[in-house]
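Those protein sequences? They're chains A and B, same order as listed. Every letter in the first sequence is one number past the one before it in the numbering used here, and letter 174, counting from 1, is 197. Every letter in the second sequence is one number past the one before it in the numbering used here, and letter 202, counting from 1, is 254. No residue lacks a Cβ here, since even glycine has one placed at the ideal position from N, Cα and C. What follows is a set of notes on a single structure, which appears directly below.
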Amino acid sequence: MYITPVKQEDLANNMAEEVKLFKTWSTPFGLRVVWALKLKGIEYESIDEDLSNKSALLLQYNPVYKKVPVLVHNGKPVSESLVILEYIDETWNQNPLLPEDPFERARQRFWAKFNEEKLLPTIMAIFTKEGKDREEAMAAWVENLKFVEEELKGKKFFGSEKIGLADLVFGWMANLIGIFEEVTGLKIVDERYPLLLAWMQEFYEHPVIKDTWPPHDKMIIKWQALYENYHPAK
Amino acid sequence: MGEIGENEEEVKLVGAWFSPYVHRVTWVLKLKGIQYEYVEEKINSKSSLLLDCNPVHKKVPVLLHHGKPIAESLFIIEYIDETWKQNPILPTDPYDRAMARYWAPYIDQMILEGSKRALYVEGEQLKKEIKKVSEAMEVLEGMLKGKKYFGGERLGFLDIAFGWIAIWLEAIDQVAGVRFLDSHKYPLIHKWKNKFREIDVVKDSLFPMEKLVCFFKKYSQYSKLKLSEATK
Numbered sequence: 024m025y026i027t028p029v030k031q032e033d034l035a036n037n038m039a040e041e042v043k044l045f046k047t048w049s050t051p052f053g054l055r056v057v058w059a060l061k062l063k064g065i066e067y068e069s070i071d072e073d074l075s076n077k078s079a080l081l082l083q084y085n086p087v088y089k090k091v092p093v094l095v096h097n098g099k100p101v102s103e104s105l106v107i108l109e110y111i112d113e114t115w116n117q118n119p120l121l122p123e124d125p126f127e128r129a130r131q132r133f134w135a136k137f138n139e140e141k142l143l144p145t146i147m148a149i150f151t152k153e154g155k156d157r158e159e160a161m162a163a164w165v166e167n168l169k170f171v172e173e174e175l176k177g178k179k180f181f182g183s184e185k186i187g188l189a190d191l192v193f194g195w196m197a198n199l200i201g202i203f204e205e206v207t208g209l210k211i212v213d214e215r216y217p218l219l220l221a222w223m224q225e226f227y228e229h230p231v232i233k234d235t236w237p238p239h240d241k242m243i244i245k246w247q248a249l250y251e252n253y254h255p256a257k
Numbered sequence: 053m054g055e056i057g058e059n060e061e062e063v064k065l066v067g068a069w070f071s072p073y074v075h076r077v078t079w080v081l082k083l084k085g086i087q088y089e090y091v092e093e094k095i096n097s098k099s100s101l102l103l104d105c106n107p108v109h110k111k112v113p114v115l116l117h118h119g120k121p122i123a124e125s126l127f128i129i130e131y132i133d134e135t136w137k138q139n140p141i142l143p144t145d146p147y148d149r150a151m152a153r154y155w156a157p158y159i160d161q162m163i164l165e166g167s168k169r170a171l172y173v174e175g176e177q178l179k180k181e182i183k184k185v186s187e188a189m190e191v192l193e194g195m196l197k198g199k200k201y202f203g204g205e206r207l208g209f210l211d212i213a214f215g216w217i218a219i220w221l222e223a224i225d226q227v228a229g230v231r232f233l234d235s236h237k238y239p240l241i242h243k244w245k246n247k248f249r250e251i252d253v254v255k256d257s258l259f260p261m262e263k264l265v266c267f268f269k270k271y272s273q274y275s276k277l278k279l280s281e282a283t284k
């Protein structure tokens with residue numbers, strides 16, 4: 024458990040400024056929130072949960088979904104990673120994740136939702152399914168990637184000039200695509216998507232992001248085990 | 053919707069009469085007194101306008117402001133709220149906004165999508181959807197305790213997001229042969245529903261029940277057919 028030391032001036036100025044993040048060591052949804060907190064330099068306490076044995080505190084803070092991540096700010100819980108990201112952005116104004124322009128804000132929100140509703144389900148289908156079902160998932164994945172590649176045209180990040188909310192939401196690709204490719208033996212993001220590949224590299228190595236990735240070996244073991252569950256050796 | 057003068061904002065809404073997602077946007081536009089042009093999409097053929105301005109999903113609603121498209125109804129509402137500051141829809145406090153952003157998609161997932169599926173699934177699947185919708189209705193009922201509207205004393209973002217329940221759910225109940233909108237189980241929702249239907253900007257969305265029932269009957273038949281073809 025990692026507890027941040029509380030600075031003297033924080034104690035004096037923000038006596039009640041208490042930020043806790045419930046997550047797991049590997050969840051990409053929790054990692055997004057870590058990135059947001061780090062980008063804004065927000066002190067927080069991190070609590071890694073064992074999802075097979077959820078703490079009473081977690082169940083109290085997220086009774087509806089019983090999932091991580093949950094951000095607890097001064098005792099008040101916020102769940103759902105996209106909701107948490109916007110909450111963080113509106114509560115701490117330094118280094119905004121979303122720009123002022125309403126159209127740009129709507130654009131990033133749109134792509135964040137696209138990731139959740141299109142990319143994530145298709146990648147999980149590719150990972151878990153076989154035969155014709157996997158082929159269909161791959162076809163859908165390719166369609167989705169075309170849109171993503173198109174969106175990156177003329178931009179360094181999904182947030183345009185700098186990392187924004189949409190980058191944090193797509194961020195899982197920067198480490199998990201490589202891990203999935205290693206575990207499944209499939210090529211998931213190939214040279215047809217040069218902008219996306221470049222973005223993945225850029226994001227992976229970003230100074231604030233690069234030290235947050237969960238240990239590679241541990242991730243391989245975890246995902247290998249999951250893969251074998253779905254594809255038992257005949 | 054009024055002449056577009058040289059100095060006026062150019063606002064266009066691409067929609068379909070039967071879509072609750074579209075109507076929630078029109079309520080917000082009207083509450084803020086924003087002039088807009090409405091373009092109706094036909095059910096079975098997507099116009100080049102729609103394909104141009106929402107190439108990813110090809111769905112309504114899409115709001116066009118100075119020719120730039122915004123899609124996804126809840127994001128359109130946030131866009132409108134951020135661009136036209138009169139009569140704010142979302143609360144000002146970040147925590148309250150987080151709660152609004154949390155509950156709106158939850159209810160869309162559980163009740164809107166759930167009740168739509170109840171129109172064409174059967175057996176165990178139907179039981180699952182009924183359970184899902186009922187649980188979410190319980191949550192909604194609880195949210196109204198001690199409140200006039202979901203937004204408190206005044207109409208808010210969640211009233212707009214849930215407003216479709218006051219109009220569409222009864223028709224779905226009829227066609228699916230269920231009782232999601234049970235006034236005995238959910239007396240607060242029932243009261244809220246009647247209040248919501250009285251609101252001026254909502255009145256244009258009040259369809260004759262037969263029109264909605266007819267629409268959902270067709271939707272149900274079409275979806276059942278698609279489902280049986282997919283599972284062959």
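Residue i, enclosing alpha helix (DSSP H) - first and last residue
i         : result
Gly-175/B : 175-195
Glu-158/A : 154-174
Glu-225/A : 217-228
Tyr-274/B : 261-282
His-242/B : 239-250
Ile-86/B  : That residue, Ile-86/B, is in no alpha helix (DSSP H); it is neither H nor E in DSSP.
Leu-102/B : 100-105
Lys-99/A  : Not the alpha helix (DSSP H): Lys-99/A falls in the beta strand (DSSP E), residues 99-102.
His-239/A : 239-253
Leu-191/A : 188-193
Val-231/A : Careful: Val-231/A lies outside any alpha helix (DSSP H) and carries neither H nor E.
Leu-209/A : Run containing Leu-209/A: none; DSSP gives neither H nor E here.
Ser-167/B : 166-170
Met-151/B : 146-159
Pro-51/A  : 51-62
Inter-residue Cα distance where the pair is residue i and residue j
i         : j         : result
Asp-234/B : Ser-69/A  : 43 Å
Gly-54/B  : Ala-129/A : Because Gly-54/B sits at a pLDDT of 45, beneath the cut-off of 50, its placement in the model cannot be relied upon, and the following sentence gives the value as read from the coordinates. Rounded to whole angstroms, Gly-54/B to Ala-129/A spans 26 Å at the Cα level.
Gly-187/A : Phe-150/A : 28 Å
Asn-96/B  : Glu-124/B : 20 Å
Lys-295/B : Glu-109/A : Past the edges of chain B, shown from 53 to 284, lies residue 295/B, and the structure says nothing about it.
Tyr-216/A : Phe-226/A : 15 Å
Glu-262/B : Phe-181/A : 46 Å
Glu-158/A : His-254/A : 15 Å
Asp-33/A  : Glu-66/A  : For Asp-33/A, the pLDDT reaches just 49, beneath the cut-off of 50, and the residue's location in the model is therefore unreliable, although a value from the coordinates is still provided. Taking the straight line joining both Cα atoms gives about 10 Å.
Val-185/B : Asp-252/B : 28 Å
Ile-224/B : Val-265/B : 7 Å
Glu-142/B : Glu-281/B : Correcting the residue type first, residue 142/B is Leu in the shown sequence and not Glu. About 43 Å.
Pro-230/A : Glu-165/B : 41 Å
Leu-219/A : Gly-194/B : 45 Å
Glu-41/A  : Tyr-238/B : 38 Å
Lys-43/A  : His-96/A  : 7 Å
Contacts around residue i, its chain only, beta-carbon distance under 7 Å, and the 5 residues preceding and following it disregarded
i         : result
Leu-82/A  : Lys-89
Pro-51/A  : Trp-195, Leu-199
Tyr-25/A  : Any reading at Tyr-25/A must be qualified, since the residue scores a pLDDT of 43, below 50, and its modelled position is unreliable; no value is offered.
Pro-140/B : Asp-133
Ser-78/A  : Glu-72
Leu-210/B : Ala-152, Trp-155, Ala-156, Phe-202, Gly-203
Beta strand (DSSP E) segment containing residue i, residue limits
i         : result
Gly-67/B  : 63-67
Lys-43/A  : 42-46
Asp-71/A  : 68-71
Pro-121/B : 120-123
Val-230/B : Per DSSP, Val-230/B belongs to no beta strand (DSSP E) and is neither H nor E.
Lys-90/A  : Element bounds for Lys-90/A: n/a, residue is neither H nor E.
Leu-115/B : 114-117
Chain B contact residues for residue i, given Cβ-Cβ distances below 7 Å
i         : result
Phe-133/A : Ala-123, Glu-124, Phe-127
Ser-49/A  : Simply none; closest approach about 24 Å.
Lys-99/A  : Tyr-147
Nonlocal neighbours in the same chain, by C-beta distance under 6 Å from residue i, ignoring five residues either side
i         : result
Ala-148/A : Ala-160
Val-93/A  : Phe-45, Tyr-84, Asn-85, Pro-100, Ser-102
Lys-63/A  : Trp-115, Gln-117, Asn-118
Ile-107/A : Val-56, Leu-94, Val-101
Asn-138/A : Val-192, Phe-193
Close-in-space but distant-in-sequence residues of the same chain around residue i (CB under 8 Å, 5 per side omitted)
i         : result
Arg-169/B : Gln-177, Glu-181
Thr-235/A : Leu-54, Val-57, Trp-58, Lys-61
Ile-243/A : Ile-202, Glu-205, Val-206
Lys-233/A : Tyr-227
Residues that residue i contacts on chain A, provided the C-beta gap is smaller than 7 Å
i         : result
Thr-18/B  : Because chain B spans 53 through 284 in this model, residue 18/B falls outside it and cannot be assessed.
Val-253/B : The contacting residues do not exist; Val-253/B stays about 22 Å from chain A at best.
Lys-120/B : Phe-126
Val-3/B   : Nothing can be reported for residue 3/B, as the shown portion of chain B is limited to 53 through 284.
Contacts that residue i makes with chain A (C-beta to C-beta distance below 8 Å)
i         : result
Tyr-131/B : Pro-125, Phe-126, Arg-128, Ala-129
Chain A residues whose Cβ lies nearer than 9 Å to that of residue i
i         : result
Tyr-154/B : Val-87, Val-101, Ser-102, Glu-103, Val-106
9 Å Cβ cut-off: residues of chain B touching residue i
i         : result
Tyr-110/A : Pro-146, Tyr-147, Arg-149, Ala-150, Arg-153
>> Counting beta carbon pairs with one atom in the segment 151-171 of chain A and one in the segment 140-148 of chain B, are three or more of them shorter than 8 Å?
In response: no
> Quick one: any contact between the segment 99-107 of chain B and the segment 160-175 of chain B, if contact means 3 or more CB pairs under 8 Å?
Replying inline: no
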